[in-house]
């Protein structure tokens, strides 16, 4: 499906794609019980080239039109395609009782997308959030160019305390899906229990970009529960438009083979020089 390469990782239909400087290497398959894995994520430069392409509208919802419509009506947007109900959460085995959907302004005095001018803060799990989603958002937060690709026009979307009439409870985010950037609209009603967010959240109580990105991503997949079966490598592709590859360190016996270990570090060094996103997991 994708060319698994070292070096810059581009899709074959990308205008900047050229033959790799390195020979293709076989893809390391992973198993659920792998203890050590390294994930090579997408190149930043690829995401930058994709920014010039027209974005597809998910469910044919146009953010600007919906926003202006609700500003004119002086009403807050409620998404009919991802309503504040149990259908959007899904069928978790142990779902807490007393879930209330609340807007950020009901959870803190002065909500923000980004607490400090577009620079994301530390991210943490909620009661039902998936660890891989937290990891994906944490990686995204470390590369501001990519973060602002997924969260477009973040300054315009930001809460404006001086112009409260701008706020209409609607936001939009972009994900790479099947060869296109898809624009996903959501309202800002978030599931809570006792005023605590159920899913992924920022460590800053007044920062909500992570929770809203996760909601848009859940909408794209049908429900929050649908994210339970996800993988970090898939999220990185959807967040960047690049290619991901997973290497199983235990299966190849890197700990007992110095030559393989040296080759691995050379490969990782090459990826770092090419601005790929790298992360490691222990399961």
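Residue numbers (the UniProt record's numbering): 1 to 283.
Heads up, the beta-carbon is just placed ideally off N, CA and C, and yes, glycines get one too.
Residue 196 is bridged by DSSP to 193. Beta-carbon to beta-carbon, residue 114 and residue 207 are separated by about 6 Å, close enough to satisfy the 8 Å threshold. In the same chain as residue 66, and ignoring 5 residues on each side of it, the C-beta atoms closer than 7 Å to its own belong to 77, 170 and 185, in chain order. Within a 10 Å sphere around the beta-carbon of residue 59 sit fewer than 16 other beta-carbons, which makes this residue exposed.
Residue 202 sits in a strand when the DSSP states are folded into three classes.
Between residue 196 and residue 89, the alpha-carbon positions lie close to 15 Å from each other. Taking a C-beta distance under 8 Å as the contact criterion, residue 98 and residue 193 qualify as a contact pair. Counting only the Cα atoms, residue 108 lies some 7 Å from residue 205. Boundaries of the beta strand (DSSP E) around residue 279: 276-282. Residue 161 is classed as exposed because its beta carbon has fewer than 16 other beta carbons within 10 Å across all chains shown. Three or more beta-carbon pairs drawn from the segment 232-251 and the segment 121-140 are found closer than 8 Å, and the two stretches are therefore classed as touching. DSSP, read as helix, strand or coil, puts residue 173 in strand. In this chain, the beta strand (DSSP E) harbouring residue 100 covers 100-102.
Rounded to whole angstroms, residue 79 and residue 247 show a C-alpha spacing of 40 Å. Straight across, the Cα-Cα distance linking residue 245 with residue 62 is about 34 Å. Here residue 219 has 58, 79, 81, 82, 88, 184 and 186 as same chain residues with Cβ atoms under 8 Å from its own Cβ, once five neighbours each way along the sequence are excluded. In the DSSP assignment, residue 123 forms a beta bridge with 202. Distance check between residue 102 and each of 282, 268, 241 and 198 places 198 closest, using alpha-carbon atoms only.
Checking the DSSP bridge columns, you'll see residue 57 partnered with 183.
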